Amino acid sequence: MESLVEDFRLSGQPPPEPVRLAGKPKAERNRNEKDNLVRYLRCMRKVYGSIYDFSPHGYNLPLEYTKLAAECSRGGRPFTGKNDVHDKFMEEKPIWICKPVAQSQGRGIFLFRKLSELSYDSNTIVQRYIEKPLLIGGYKFDLRLYVCIPSYHPVTIYIYREGLARFGTDKFSLNDLRNPFRHLTNSSINKLGPGYTEMKDRIGSGCKWTLRQLRRYFQQAGISDWLLWQRISSLVILTVLSHVSQIPPTVNCFEFFGFDVLIDSSLRPWLLEVNLSPALSNDCDADRSVKKPMLHDMFDLLGLPLYNTGLSVFDIFLDESNENDKKNKEHRFQQYIVGFERSRQMAQKTQEDVGEANQLEIQLGSSRQSSNSFRNYSQHCKSAKIKLQSAKKQAKLRFKQKREF
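256 is the number that the UniProt record's numbering gives to position 256 of the sequence shown; each next residue is one higher, with no gaps.
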């Protein structure tokens, strides 16, 4: 971090004026800890349904140990007993991942199949392990995305368009659950592995790509990623909106998050974690090409007088009520209207659309029958009209004959 500050000093720009700027509102400091995030998203999923089904099913231990034990005794079927997207990962002996709440950088994380293999001595979350991740060259990877929230009132969310793809340094396999270099993508772990400096198939040396490199790979591999990035944006927005109502109005506060997202083999994104203090150190070229410009742009976004790198590539999601007075200052950013109430309405509308879509085939069949009935009715009307016209002609003819008589 000191090197970054030194770069700012040598930029040739005048030093910024003193500004009192807090990193987070007080109510936010514990909001995105692993256990709280699992709890919040579970509650939102109960209220809004499958629109919030983007995080692996999980439990907070020791509080929910009995629920976990009950699920394990049923062979991995969720405690709720409902059929949902998690069912596709259910096997006779599902794999679980255990994450200590108070740890970071992959410390204390391990995988297990049997409940007897689980051990913990502090608050921990246990989640279903995504067993079919998208692989590149046989290696597992996840995404680190950077999100800045300068305001909750109105809701304003910036998603940086650049980011990092972080790889494991051993080829992925479910045969060995104890090998962290196969299953964990934390660079702090993988840079200690024997495969870190090797030239790996398609990946090269090291364990990080930029998102630009990843999208180039998708293009070369013929993978259409437009829908994927729309889903990722929605995932970020819905995660933030799940906490908006609990944040009191504050001034001179902002938040900066690191979202960890995994893509499975069907190109479905899964939220793994939200980091309150994402690492800003530069361990490799990918870090340097992403983090320095990102920090410059974030300070510029917050109104600090640092030089513009020319890489202002945040996507902005903001409340409609604050759109007009930001147009001139933030003309470089793409704007989307979300807002909490609007998003809640969108969620409800999505649920209705899903229900309608599930009955589409029935409705289509009914429509075909109605269409056939309508055709028959139209033909009947035409026939009746012809008969009526013929009857009128005959009546006129009889009336004329009667007068002549």
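Where a beta carbon is used, it is the ideal one built from N, C-alpha and C, also for glycine.
The model shown is predicted, which means the values in this text are computed figures rather than measured ones.
Residue range of the unbroken beta strand (DSSP E) whose run includes residue i
i, result
"D142", "Y139 to Y152"
"P100", "W96 to P100"
"R166", "V155 to F167"
"F181", "First-last for F181: P180 to H183, but that is the alpha helix (DSSP H), not the beta strand (DSSP E)."
"G58", "G58 to L61"
"K171", "It is not in any beta strand (DSSP E) - K171 carries neither H nor E in the DSSP assignment."
"T250", "Per DSSP, T250 belongs to no beta strand (DSSP E) and is neither H nor E."
Coil, strand or helix - residue i by DSSP
i, result
"A221", "coil"
"K292", "helix"
"L271", "strand"
"P278", "coil"
"L235", "helix"
"A27", "The predicted position of A27 is uncertain, since its pLDDT is 49 and thus under 50; a value taken from the coordinates is nonetheless stated next. Note: A27 maps to helix in three-state DSSP."
"Q394", "helix"
"Y129", "coil"
"S343", "Confidence at S343 is low in this model, with a pLDDT of 48, below 50, so its placement is unreliable and the value that follows should be read with caution. The answer is helix: DSSP assigns S343 an H, G or I state."
"G193", "coil"
"G303", "coil"
"I386", "helix"
"Y120", "coil"
"N36", "helix"
"N83", "Low confidence applies to N83: its pLDDT is 47, below 50, so where it sits in the model is not reliable, and the reading given next is rough at best. It is coil, neither helix nor strand."
"D260", "strand"
"Q334", "Bear in mind that a pLDDT of 35 at Q334, under 50, signals an unreliable position, so the number given afterwards is only what the model happens to contain. Residue state, collapsed to three classes: coil."
"C381", "helix"
"L135", "strand"
"F8", "In this predicted model, F8 has a pLDDT of only 32, less than 50, meaning its place in the structure is not dependable enough to derive any value."
"L111", "strand"
"G204", "strand"
Given residue i as reference, the closest of the options once Cα atoms are compared
i, options, result
"I95", "C72, D225, C43 and R182", "C72"
"S119", "S151, Y65 and I157", "Y65"
"L214", "Q103, A286 and Y129", "A286"
"Q230", "L397, R74 and L267", "L267"
"I157", "E255, R45 and P293", "E255"
"D297", "L63, P150 and E273", "P150"
"N36", "S104, N179, I125 and V290", "I125"
"P180", "I159, A102, Y160 and C98", "C98"
"E159", "R216, M294, S55 and G303", "This sequence places Ile at residue 159; Glu is not what is there. When only C-alpha atoms are compared, the closest one is M294."
"Q246", "G49, I130, S383 and Y152", "Y152"
"A102", "R74, D225, L61 and Y217", "L61"
"F218", "T197, I136 and Q389", "I136"
"Y52", "L63, V38 and Y59", "V38"
"N252", "C284, Q389 and L302", "L302"
"Y129", "K93, S224 and L164", "K93"
"D283", "K114, T197, G49 and V244", "T197"
"V47", "S242, A221 and S55", "S242"
"A70", "K114, F54 and S104", "K114"
Range covered by the alpha helix (DSSP H) that runs through residue i
i, result
"K67", "Y65 to S73"
"I189", "S187 to N190"
Proximity of residue i and residue j at Cβ, strictly below 8 Å
i, j, result
"P100", "S116", "no"
"Q127", "H57", "yes"
"G204", "N190", "no"
"K171", "G193", "no"
"L276", "T239", "no"
"D186", "G106", "Looking at the sequence itself, residue 186 is Asn, so the reference to Asp does not match. For N186 and G106, yes; Cβs fall inside 8 Å."
"L177", "L134", "no"
"V147", "F257", "yes"
"V290", "E162", "yes"
"E131", "L68", "no"
"L228", "P269", "yes"
Meets three-Cβ-pair contact criterion under 8 Å: the stretch 136–151 and the stretch 254–267 = yes
key: Cβ contact (3+ pairs, closer than 8 Å) linking the stretch 233–252 and the stretch 192–209   = no
inquiry  = I want to know whether the stretch 278–293 touches the stretch 34–49 - three or more CB-CB distances under 8 Å.
reply    = no
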